[in-house]
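S.K.: Let me begin by handing over the structure; questions about it come next.
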Amino acid sequence: MPVSGVPRSASDEPERFQPDALGGLPAELALARLPAGRHGLPREFVAHNQRLRLVAAMLRVLPAHGYPTLTIGHITSEAGVSRAAFYQQFAGKEECFLTTYDLASEWFCEQVERAVVGEEDWRDRIRLGAAEALRLLGANPLVAHLMAVEAPQAGRVARERQQGMLDRFAAALRADHPGRPELQDDLADLLLGGVVALIARYVDSDRAERLPEATRALVEYLLIPYIGGEETSALLAGLPEVG
Amino acid sequence: MYRLVTSYENGTGIRKGRGARRRPHLTAPRPNRIKPRSGLSRAEVIADQRRRILDGLVLALACHGYDDARITDVVELAAVSRPTFYEHFESKEACFAAAYEDGVERLSVAVGDAARGESGQVARLSAGLDGGLRFLSCDPPLAHLLLVESLAAARPARLEHERMLTRLALALRGPTSGPAAGGEISLETARLLAGGLASHLSGRLLAGEAERLDESRDLLHRFLQTPLPAAASRDAGERRAAVG
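As given, the protein sequences belong to chains A and B, one line each in that order. The first sequence begins at 30 in the working numbering and counts up by one. The second sequence begins at 6 in the working numbering and counts up by one.
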């Protein structure tokens, strides 16, 4: 079951990003609409539940409408939350989008970072990180859509948040690891721009689920700047197919 | 010359709504309309109209963004009548697709011309990149259309953009007849390189640096040459020398 009340414990790795199942809600209530009328639930609990349901709804309605034409009504009717409740949580569409983006990108970064924890060899770190990133996005096409397609067209702040996430990965690409050649600083951003374009292409052609098929090419692309084309193909030739 | 009024205040050049829309502050040269009885054939007149409409669309998008640009803006900038516009294109979308295709075509002619006559993949790549950057920095509205507008606009436009990247990726791989041994990258990897190049340029355009794109020249050279065996081994040699 994807329902998960404690998503960030080490034993329980959420395959799916489900904001309405995050935040320590009791599992039996996490995905449900709350009962109407008097239910005796604490006010903060209700507010938290509504907030996360709105975030989940934002994620689900984005592909159909696209951020520029999305309305608050689309979000609230998907979430089953009143317009008044929406405005108690968010000042507007942008704030709701940014909250959604932050939750999703934090989840994504943590998952990818967890996949490489304890890995000593820098080449394996790149290989495992790339494979995990594409696996997560393939399993969560809505997140792929949010990050690669909507964020660039959702205004300046959203672009800054996206840049923040890319900077986190860029720092990982630059960080020192024993035996790794140095990456020229400015190439990390270029590399990641290509990755976002790759994800966008899969999403735009309705193939987000198949992103893991690009794993080998992505690993090749990320290794080449460090060790060159020939050494990379030699390295990849010795590995089993990933993804 | 013209001046782009796009403030990029919200990061994409998308206007915040009709209220925020402004007329283009253009002191652009009015297109040279062909005078009646100019002696040109009907076909020449039509070709000239089409050219002006495409240029008009590019300018209108640079000023207003895809969502807010109207056909009224295009016909005004192109100095054609509205019925004439509809004789050529059935909608803004169709006109956009044609303008995009035309822009990609002209860009690839510029790249091809620059690369022609160079021998060796590294030299061809360098010359082609220089040619492309020169072309784009001489025509900021077109650069905006090709690299920024297509990302923010509706999905058909995004697909045009991705077709352009595929074309660029094919060019990056070079003639496939060459020896496959060592350094031959997959098409997917070449697409990743093309995507990295394009998103770097988009970022610079969004930062308002359209006329200074060629400052990225050295960085992009290094980036695109990483998969090439010669460049890679040379760089590796330099790195080793630096370490040792």
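Built from N, CA and C at the ideal position, the CB exists for glycine as well.
Counting only the same chain and skipping the five closest in sequence on each side, list residues whose C-beta sits under 8 Å from that of A218/B.
M.R.: Reading off the sequence, residue 218/B comes out as Leu, not Ala. Around L218/B: L138, L141, S142, A148, L206, R209, L210.
S.K.: In three-state DSSP terms, what is G133/B?
M.R.: helix
S.K.: Using only CA atoms, which one of L171/A, H77/A, A160/A lies nearest to F119/A?
M.R.: H77/A
S.K.: One question on the structure: do D145/B and A74/B come within less than 9 Å of each other, judged by their Cβ atoms?
M.R.: Note on residue identity: the sequence assigns Pro, not Asp, to residue 145/B. Cβ distance not < 9 Å, so P145/B and A74/B don't count as in contact.
S.K.: At a CB distance below 9 Å, what residues from the region 199 to 216 of chain B approach chain A? Give them in sequence order.
M.R.: Answer set for the region 199 to 216 of chain B: A199, G200, G201, L202, A203, S204, H205, S207, G208, L211.
S.K.: Counting beta carbon pairs with one atom in the region 254 to 266 of chain A and one in the region 222 to 234 of chain B, are three or more of them shorter than 8 Å?
M.R.: yes
S.K.: What alpha helix (DSSP H) runs, 4 residues minimum, are completely inside the region 198 to 247 of chain A?
M.R.: Here the runs fully enclosed are 216 to 233.
S.K.: Alpha carbons only, please: which of Y116/A, I155/A, R82/A, N169/A is nearest the one belonging to Y231/A?
M.R.: N169/A
S.K.: Note down, in chain order, all residues in the region 213 to 227 of chain A with a beta-carbon under 9 Å from any beta-carbon belonging to chain B.
M.R.: Q213, D215, L216, D218, L219, L220, L221, G222, G223, V224, V225, A226, L227
S.K.: If you follow the alpha helix (DSSP H) that G208/B is part of, which residue opens it and which one closes it?
M.R.: Run containing G208/B: 192 to 211, per the alpha helix (DSSP H) assignment.
S.K.: Which residues in the same chain have their Cβ closer than 6 Å to the Cβ of S238/B, if we skip the five residues on either side of it in sequence?
M.R.: Unreliable placement is indicated for S238/B, whose pLDDT of 46 sits below 50; the coordinate value is still reported in the next sentence. Closer than 6 Å at the Cβ level, and outside the excluded window around S238/B, lies no residue.
S.K.: Taking the beta carbon of L268/A as the centre, do at least 16 other beta carbons fall within 10 Å, making it buried, or is it exposed?
M.R.: exposed
S.K.: To the nearest angstrom, how far is it from the Cα of R163/B to the Cα of P71/A?
M.R.: 46 Å
S.K.: Given a threshold of 16 other Cβ atoms within 10 Å of its Cβ, counted over all protein chains shown, does Q116/A qualify as buried or as exposed?
M.R.: Here residue 116/A is Tyr; the residue named in the question, Gln, does not match the sequence. With fewer than 16 Cβ atoms within 10 Å of its Cβ, Y116/A is classed as exposed.
S.K.: Taking the alpha helix (DSSP H) that Y130/A belongs to, which residues open and close that run?
M.R.: 122 to 145
S.K.: Here's the rule: buried if 16 or more other CB atoms are within 10 angstroms of the residue's CB, otherwise exposed. What is P88/B?
M.R.: exposed
S.K.: Applying the 10 Å Cβ sphere with the 16-neighbour rule, what's the burial state of H174/A?
M.R.: buried
S.K.: Please report the distance separating the alpha-carbon of L152/B from that of L82/B.
M.R.: 22 Å
S.K.: Would you mind reading off the limits of the alpha helix (DSSP H) that contains M333/A?
M.R.: In the structure as shown, chain A starts at 30 and stops at 272, and residue 333/A therefore has no counterpart that could be examined.
S.K.: Could you check the C-alpha separation between A176/B and A195/B for me, to the nearest Å?
M.R.: 9 Å
S.K.: Can you say whether P181/A is buried or exposed, counting buried as having 16 or more other CB atoms within 10 angstroms of its CB?
M.R.: buried
S.K.: What separation, rounded to the nearest whole angstrom, lies between the Cα atoms of L247/A and A113/A?
M.R.: 45 Å
S.K.: Going by Cα to Cα distance, which pick from E139/A, D205/A, V90/A, R80/A is closest to E179/A?
M.R.: V90/A
S.K.: Run down chain B in chain order and give the residues with a C-beta less than 7 Å from the C-beta of I253/A.
M.R.: Chain order gives the chain B residues near I253/A as T231, P232, where near means a beta carbon separation below 7 Å.
S.K.: Might you give, ordered along the chain, the residues of its own chain that have their beta carbon closer than 7 Å to the beta carbon of Y96/A, omitting 5 neighbours on each side?
M.R.: F126, E179, Q182, A183
S.K.: Let's test the definition: count the other Cβ atoms within 10 Å of the Cβ of P207/A and tell me whether it reaches 16, buried, or not, exposed.
M.R.: exposed
S.K.: Counting only C-beta atoms, is Y344/A closer than 9 Å to chain B at any point?
M.R.: For residue 344/A there is no data in the structure shown, the boundaries of chain A being 30 and 272.
S.K.: For Y100/A, report the span of its alpha helix (DSSP H) as first-last.
M.R.: It should be noted that the sequence gives Thr, not Tyr, for residue 100/A. Segment: none, T100/A is in no alpha helix (DSSP H) and carries neither H nor E.
S.K.: Quick check on the DSSP output: what are the complete alpha helix (DSSP H) runs of length 4 or more inside the region 84 to 153 of chain B, in order along the chain?
M.R.: 87 to 93, 97 to 120, 126 to 143, 145 to 149
S.K.: Quick one: what's got a C-beta closer than 7 Å to G223/A's C-beta in the same chain, skipping five residues either side?
M.R.: Y250
S.K.: On a Cα-Cα basis, can you pick out the residue from Y91/B, L134/B, S46/B that is closest to E220/B?
M.R.: L134/B
S.K.: Distance cutoff 9 Å, beta carbons only. Does S234/A sit that close to anything in chain B?
M.R.: yes
S.K.: Nearest CA to the CA of L221/A: which residue from E149/A, D153/A, A177/A?
M.R.: A177/A
S.K.: Buried or exposed, going by whether 16 or more other CB atoms sit within 10 Å of the CB of V114/B?
M.R.: exposed
S.K.: If you check the beta carbons only, do R239/A and G167/A fall under 9 Å apart?
M.R.: yes
S.K.: Just the chain A side, please: which residues come within less than 7 Å of F228/B by C-beta, in chain order?
M.R.: L216, L219
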